[in-house]
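Only one structure is covered here, and it is reproduced in the block below.
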Amino acid sequence: MGITIEAPLTHSGLADALFPGTKQRVLGLLFGQPDRSFYATEIIGLVASGSGSVQRELANLAQTGLVTVKAVGNQKHYQANPDSPIFAELCAIVQKTIGLAGPLREALAPLASKIMAAFVYGSVAKNTDTARSDIDLMLLSDDISYGDVFAALEDVGNKLGRPVNPTILTRKEFTKRVEAQESFLTRVLAQPKIWIIGAEGDLPT
Numbered sequence: 001m002g003i004t005i006e007a008p009l010t011h012s013g014l015a016d017a018l019f020p021g022t023k024q025r026v027l028g029l030l031f032g033q034p035d036r037s038f039y040a041t042e043i044i045g046l047v048a049s050g051s052g053s054v055q056r057e058l059a060n061l062a063q064t065g066l067v068t069v070k071a072v073g074n075q076k077h078y079q080a081n082p083d084s085p086i087f088a089e090l091c092a093i094v095q096k097t098i099g100l101a102g103p104l105r106e107a108l109a110p111l112a113s114k115i116m117a118a119f120v121y122g123s124v125a126k127n128t129d130t131a132r133s134d135i136d137l138m139l140l141s142d143d144i145s146y147g148d149v150f151a152a153l154e155d156v157g158n159k160l161g162r163p164v165n166p167t168i169l170t171r172k173e174f175t176k177r178v179e180a181q182e183s184f185l186t187r188v189l190a191q192p193k194i195w196i197i198g199a200e201g202d203l204p205t
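Here UniProt numbering is used: the first residue of the sequence shown is 1, the next is one more, and so on.
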């Protein structure tokens, strides 16, 4: 009798397992940019779901205290609630799946075979970012140029509502800087990371 070994869930698969479709997209928007508020019709347009289903999700999230609701003129504005007891956890889950990593991973997919590793570092990975913070992205590759990366990331920056700031290092450059204990790279490697392609073990040693 054979043994079936199921493949581990991908980041997007984890999001699908945790949250149904509309809730996933609403949480991804609100907790992916927790410092910003959105009005209801804006959310409906950005998550590309039906008005009724989005309104129900927003009502449920507000009722449970996960999001706040504030009237501004004739509009209701919704925002991730920093006072929720699971605010930090939801921000982290969203960033690692649907809110940040997913769109970046999708944008880099055409180049993925040429990238040894890619990860977000800095304030976004440390959860100390603001709505104006850049997304700092480190890529290790011997075969891609900044032109390749900027072309791949052109649309995703607009989708995420903030600029993506890539740094590309070849294997040789990475190893040389690590051996020299360069302050910038030493600091980056010691900080939290959100993995887009690869994992810690894929970094050159």
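Beta carbons are placed, not taken as given, at the ideal position from N, Cα and C, and that holds for glycine. Predicted, not measured: the structure shown is a model, and the values here were computed from it.
Residue of Ser141, Glu182, Ile86 and Thr175 minimising C-alpha distance to Ile115: Position 115 of the sequence shown, counted from the start, is the residue given in the question as residue 115. Of the candidates Ser141, Glu182, Ile86 and Thr175, the one whose C-alpha sits nearest the C-alpha of Ile115 is Ser141.
Buried versus exposed call for Gly45 [16 or more other C-beta atoms within 10 Å across all chains shown]: Counting from 1 along the sequence shown, the entry for residue 45 is found at position 45. Exposed: under 16 other Cβ atoms inside 10 Å.
If you reduce the DSSP assignment to three classes, tell me which class Asp35 lands in. Here residue 35 is taken as the residue at index 35 of the sequence shown, counted from 1. Of the three classes helix, strand and coil, the one that applies to Asp35 here is coil, per DSSP.
In chain order, what residues of the same chain lie with their CB nearer than 8 Å to the CB of Pro110, ignoring the 5 residues before and after it? Residue numbering aside, residue 110 sits at position 110 when the sequence shown is read from its first letter. Excluding sequence neighbours, Pro110 sits near Ala152.
Opposing strand residues paired with Ile93 [DSSP bridges]: By 1-based counting over the sequence shown, the position of residue 93 is 93. BP columns for Ile93 are empty, so no partner.
Are the CB atoms of Tyr146 and Pro163 nearer to each other than 9 Å? Taking the first residue of the sequence shown as 1, we reach residue 146 at position 146. Taking the first residue of the sequence shown as 1, we reach residue 163 at position 163. No, the Cβ-Cβ distance between Tyr146 and Pro163 is not below 9 Å.
Nearest-angstrom beta carbon gap, Ile43 and Leu27 [assumed within contact, 8 Å]: By 1-based counting over the sequence shown, the position of residue 27 is 27. By 1-based counting over the sequence shown, the position of residue 43 is 43. No, Leu27 and Ile43 are not in contact; Cβ-Cβ is about 11 Å, not under 8 Å.
How big is the Cα-Cα spacing for Gly73 and Tyr39? Numbered from 1 along the sequence shown, position 73 holds the residue referred to as residue 73. Numbered from 1 along the sequence shown, position 39 holds the residue referred to as residue 39. Near 11 Å, if we compare the C-alpha coordinates of Tyr39 and Gly73.
Is Asn60 closer than 9 Å to Thr68 when the C-beta atoms are compared? Numbered from its first residue, the sequence shown carries residue 68 at position 68. Numbered from its first residue, the sequence shown carries residue 60 at position 60. No. Outside cutoff.
In the DSSP assignment, find the unbroken beta strand (DSSP E) run with Leu140 in it and report its ends. Position 140 of the sequence shown, counted from the first residue, corresponds to residue 140. Unbroken beta strand (DSSP E) run through Leu140: Ile135 to Leu140.
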